[in-house]
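Structure, as structure tokens:
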Amino acid sequence: MSDATMDASLNGPEPTQLKTADGLPLKVALAKSQARAKRRAFLLVAPLFLFVLITFVVPIGQMLLQSVYNDGFSKNAPALGQWFDAHPLGSPIDESAYAALASDLKQMKENRTQGEAGTRINYDVAGTRSLFTSTARKIERLEPPWKEAILGVDEGWSDPNLWRAMRSASSPYTVDFYLAAMDHTRDKDNNIVPVDPQRAIYGKLFTRTAILSLVITVLCMILAFPIAHLLASLPLAKSNLLMIFVLLPFWTSLLVRTTSWMVLLQQQGVINDLLVWSGLIGNDNRLEMMYNQTGTIVAMTHILLPFMVLPLYSVMRTIPPSYVRAARSLGATSWTAFRRIYLPQTLPGIGAGALLVFILSVGYYITPALVGGADGQLISNMIAFHMQKSLNWSLAAALASMLLGGVIILYWLYDRLVGIDNMKLG
Amino acid sequence: MAVPAYASPLERTWHYAYLVICGLIFFFLIAPIVVIIPLSFNAEPYFTFTEKMLSFDPSGYSMRWYDMLLTFGMQEPQVERSWSWWMDAWQHSTWIDVAKNSIIIGFFSTILATVLGTLAALGLSRPEMPFRRAIMAVLISPMIVPIIITATGLFFFYSKTGLAHSYPGIIMAHATLGIPFVIITVTATLVGFDHSLTRAAQNLGADPRTTFFKIVMPLILPGVVSGALFAFVTSFDEVVVVLFVAGYDQQTIPRQMWNGIREQISPAILAVATILVFVSIALLTTVELLRRRSERLRGMSPG
Chain A
58 MSDATMDASL NGPEPTQLKT ADGLPLKVAL AKSQARAKRR AFLLVAPLFL FVLITFVVPI
118 GQMLLQSVYN DGFSKNAPAL GQWFDAHPLG SPIDESAYAA LASDLKQMKE NRTQGEAGTR
178 INYDVAGTRS LFTSTARKIE RLEPPWKEAI LGVDEGWSDP NLWRAMRSAS SPYTVDFYLA
238 AMDHTRDKDN NIVPVDPQRA IYGKLFTRTA ILSLVITVLC MILAFPIAHL LASLPLAKSN
298 LLMIFVLLPF WTSLLVRTTS WMVLLQQQGV INDLLVWSGL IGNDNRLEMM YNQTGTIVAM
358 THILLPFMVL PLYSVMRTIP PSYVRAARSL GATSWTAFRR IYLPQTLPGI GAGALLVFIL
418 SVGYYITPAL VGGADGQLIS NMIAFHMQKS LNWSLAAALA SMLLGGVIIL YWLYDRLVGI
478 DNMKLG
Chain B
56 MAVPAYASPL ERTWHYAYLV ICGLIFFFLI APIVVIIPLS FNAEPYFTFT EKMLSFDPSG
116 YSMRWYDMLL TFGMQEPQVE RSWSWWMDAW QHSTWIDVAK NSIIIGFFST ILATVLGTLA
176 ALGLSRPEMP FRRAIMAVLI SPMIVPIIIT ATGLFFFYSK TGLAHSYPGI IMAHATLGIP
236 FVIITVTATL VGFDHSLTRA AQNLGADPRT TFFKIVMPLI LPGVVSGALF AFVTSFDEVV
296 VVLFVAGYDQ QTIPRQMWNG IREQISPAIL AVATILVFVS IALLTTVELL RRRSERLRGM
356 SPG
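These protein sequence lines map, in sequence, to chains A and B. Residues 58 to 483 (this note's numbering) are what the first sequence spells out, left to right. Residues 56 to 358 (this note's numbering) are what the second sequence spells out, left to right.
Below, the structure written as structure tokens:
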């Protein structure tokens, strides 16, 4: 309406300009009230937006920062930092370098930070944490010349790779954790090289996460399609009743459902008992369905299935049954009518469901952690491992940031194709 | 959904096969949830049906795991069940303690999520809202971003701001996770909302407050309540954030279950699971009734 008014006032000749009761030109008054309405709408959203900013966006920003920032070594080794600044890469590691090292080790001993600094270097060159702690313990008793003295405590200090790692860690900002997350490292000349294939685990883990998520998505698609179709073609009263079978799992706690699957899949569990009882398998060779990929796939398919059924159902409900009937009456077999008439119309639902299930499954943590065993773990479990067990927070943050990047791309795709405002719950 | 009269025998067969397949998939969906209910009454510490249970021998069933939920962590579980026994259970039983935490955290995070989420949904549904889609994408993202990433971020943020190991920290985090559900459900009820109703109210002299509480609120209430229930369930079921940022005092039911499943897997977990299944049945029923009421109010369905 406002456009029409504006157009008229811009283009047409204006013998008498329209004015409001206050004497304002109509155009100005309209723009004013539009701006007020905009401001009002924005004010309603603002509190929540601020809240989400503080409790969600800022913490994730902090995580991104943590993935490129680690001052565990740099803040505890100022003298070495200065030495590295003054001597470019490739300079011989001479007495002055060892003197700087000795002064830093002394300070670390005083502040009890040798463990912290050593841990930071240990992320890069395995087995060096003990070098820091053991040498710091003896540093008081050492005397110049430092090179001889320190090497006398431990030959390990002569390793050029260690010095390269310390140089790299002397700045708190680094991309090394991203390199590690991509199975790469630096050699002693600071070139980026792939790590030893035996220790390259993250690439495999990302691939496995993607493949397992794909398998789960496809399984969900296969299982969801018939029941969504049935629910959509039944009369509303009946389908509402059957819908309980989809909605009850959807509302049931994740941990409850995972527990149920543990009960069912255990070697002494219900399914194995049933198979033994029916004579399909012997008592001695009960199936191992848990603590491996099978467990993860079965339980996650069950948990994510409603997320596929609901969007499919809401799309299928809108497909007029007369189209298929028309195709049949024109001579198509039921298969042709399904393939050429019905299936193409369900594609938006399939796309929405598949994207949603895939997005949710790449980030899954609880179920793989409980039923996954060693080879059913996903990337989230590795992030949790580095957060809680190995305490390499920066690497955890780097892995999480990469996962986040992937999810954001998928989310953007989902928004483009489906529209987040079209998301339905129950 | 009957077979049409013109269907060939092959099509008929396929139709029945299709019904059987659907039945099996429904069974796959519901059986895992139903199976734990009888197992939680198992008299033996097993995770499968015993001979006695299968022959419906009453001695195969017992309430011992439910009893264990009450007594676990109590100071003197052996004494006679008098008033002081129940007081002891209320104060010291681990599971009662974590249930209290779950309810407190769930209650406050639901209030926070519902109030902020409803206001924002009202703003977002106005046609004048600038950057509507982008803002919506940000507000929904806590549901999409993997929970481990959110928990990791919160861990770094909370340990710097001192919110770790505190109730406000957990409540805020859970509210953030519940907000997308409130936004989605309230926006869905607002889709069919006739904005001329508010204008009519204002025209008749109602101030914005009266308009909101007398006109808008009753119409969107079903959406708000189901959003609130979703938010509550989200908080009630959340374990990863609690795992990362909660202290000893803020353990919740899922957190305690997580311990129980990982460490000393005990059938008491099945008793908790059964209770939770009934809680979810109650919540599901409420949401369904609300949805139908909302559809009826808006004239979208005949029933």
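Note that the Cβ used here is the ideal one computed from N, Cα and C, for glycine as well. Quick caveat, the model's predicted, so the values are computed rather than measured.
How is residue i classed by DSSP in three states: helix, strand or coil?
i	result
serine 59 of chain A	Confidence in serine 59 of chain A is poor, its pLDDT being 46 and thus under 50, which makes the residue's placement unreliable; the coordinate value appears in the next sentence. Of the three classes helix, strand and coil, the one that applies to serine 59 of chain A here is helix, per DSSP.
aspartate 64 of chain A	Note on aspartate 64 of chain A: pLDDT 49, under 50, position unreliable in the model; no value is reported.
proline 82 of chain A	strand
threonine 97 of chain B	Checking the sequence, you will find asparagine at residue 97 of chain B rather than threonine. Note: asparagine 97 of chain B maps to strand in three-state DSSP.
lysine 107 of chain B	helix
lysine 76 of chain A	strand
glutamate 350 of chain B	helix
tyrosine 180 of chain A	helix
tyrosine 116 of chain B	strand
tyrosine 230 of chain A	strand
serine 437 of chain A	helix
lysine 446 of chain A	coil
leucine 199 of chain A	coil
serine 63 of chain B	coil
valine 313 of chain A	helix
proline 357 of chain B	Note that proline 357 of chain B scores 41 on pLDDT, short of 50, meaning its location in the model is unreliable and no value can be drawn from it.
methionine 347 of chain A	coil
phenylalanine 212 of chain B	helix
isoleucine 477 of chain A	helix
proline 422 of chain A	Note that residue 422 of chain A is tyrosine in the sequence shown, not proline. In the structure shown, tyrosine 422 of chain A sits in coil (DSSP, three-state: anything other than H, G, I, E or B).
aspartate 262 of chain B	coil
phenylalanine 186 of chain B	coil
glutamate 318 of chain B	coil
histidine 250 of chain B	coil
proline 486 of chain A	Because chain A is modelled from 58 through 483, residue 486 of chain A falls outside the range shown and cannot be assessed.
Would you give the residue range spanned by the beta strand (DSSP E) that residue i belongs to?
i	result
isoleucine 360 of chain A	Isoleucine 360 of chain A -> not in any beta strand (DSSP E); alpha helix (DSSP H) instead, spanning 350–373.
For residue i, which beta-bridge partners are listed by DSSP?
i	result
histidine 241 of chain A	A:Pro251
tyrosine 362 of chain B	The structure shown does not extend to residue 362 of chain B, since chain B spans only 56 to 358, so no value can be given for it.
tyrosine 126 of chain A	A:Tyr230
Could you pull the start and end residues of the alpha helix (DSSP H) that residue i belongs to?
i	result
alanine 453 of chain A	450–474
histidine 220 of chain B	From DSSP, histidine 220 of chain B is part of no alpha helix (DSSP H); its letter is neither H nor E.
phenylalanine 285 of chain B	272–292
arginine 265 of chain A	259–290
alanine 159 of chain A	152–168
tryptophan 392 of chain A	391–394
leucine 146 of chain A	Premise fails: leucine 146 of chain A is in no alpha helix (DSSP H) and is neither H nor E.
glycine 178 of chain B	149–179
Rounded to the nearest angstrom, how far is the Cβ of residue i from that of residue j, given a contact under 8 Å?
i	j	result
serine 317 of chain A	isoleucine 88 of chain B	6 Å
proline 235 of chain B	phenylalanine 99 of chain A	In fact, because the Cβ distance is near 20 Å, the residues do not count as touching under 8 Å.
threonine 307 of chain B	isoleucine 160 of chain B	6 Å
valine 246 of chain B	threonine 173 of chain B	Not confirmed; about 15 Å, so no contact.
proline 277 of chain B	phenylalanine 102 of chain B	Their Cβ separation, rounded to whole angstroms, is 40 Å, which puts proline 277 of chain B and phenylalanine 102 of chain B out of contact at 8 Å.
tryptophan 203 of chain A	tyrosine 155 of chain A	4 Å
threonine 207 of chain B	isoleucine 440 of chain A	6 Å
valine 428 of chain A	leucine 84 of chain B	Not quite, the Cβ-Cβ distance comes to about 18 Å (not below 8 Å), so this is no contact.
alanine 384 of chain A	isoleucine 398 of chain A	5 Å
alanine 144 of chain B	arginine 119 of chain B	About 16 Å; that fails the 8 Å criterion.
valine 320 of chain A	glycine 326 of chain A	6 Å
For residue i, which residues in chain E fall below 8 Å Cβ to Cβ?
i	result
proline 283 of chain A	Among the protein chains in the structure shown, which are A and B, there is no chain E.
Discussion item. Check whether the segment 397–409 of chain A and the segment 74–83 of chain B touch, using three or more Cβ-Cβ pairs below 8 Å as the test.
Written reply: no
Worksheet item: Looking at C-beta atoms only, is the number of pairs between the segment 375–394 of chain A and the segment 458–472 of chain A that lie closer than 8 Å three or more?
Response: no
Worksheet item: On the three-pair Cβ rule with 8 Å, is the segment 353–367 of chain A touching the segment 305–312 of chain A?
Response: yes
Worksheet item: Okay, do the segment 417–426 of chain A and the segment 193–206 of chain B touch, 3+ Cβ pairs below 8 Å being the bar?
Response: yes
Worksheet item: So, do the segment 144–164 of chain B and the segment 224–232 of chain B have three or more beta carbon pairs nearer to each other than 8 Å?
Response: yes
Discussion item. Under 8 Å, with one C-beta from each stretch per pair, do the segment 191–200 of chain A and the segment 158–166 of chain A reach the 3-pair mark?
Written reply: yes
Worksheet item: Contact between the segment 109–121 of chain B and the segment 345–364 of chain A: three or more CB pairs below 8 Å?
Response: no
Worksheet item: Are at least three pairs of beta-carbons, each pair with one atom in the segment 283–291 of chain B and one in the segment 334–351 of chain B, less than 8 Å apart?
Response: yes
Worksheet item: Counting Cβ pairs, one atom from each stretch, are 3 or more of them under 8 Å apart for the segment 237–245 of chain B and the segment 175–191 of chain B?
Response: yes
Worksheet item: Three or more beta-carbon pairs under 8 Å between the segment 226–242 of chain A and the segment 256–268 of chain A, yes or no?
Response: yes
Worksheet item: Do three or more CB pairs link the segment 288–300 of chain B to the segment 215–229 of chain B at distances below 8 Å?
Response: yes
Discussion item. For the segment 87–105 of chain A against the segment 132–150 of chain A, do three or more pairs of beta-carbon atoms, one drawn from each stretch, fall closer than 8 Å, so that the two count as touching?
Written reply: no
Practice prompt. Please confirm if the segment 212–219 of chain A is in contact with the segment 265–274 of chain A, defined as three or more CB-CB distances below 8 Å between the two stretches.
Written response: no
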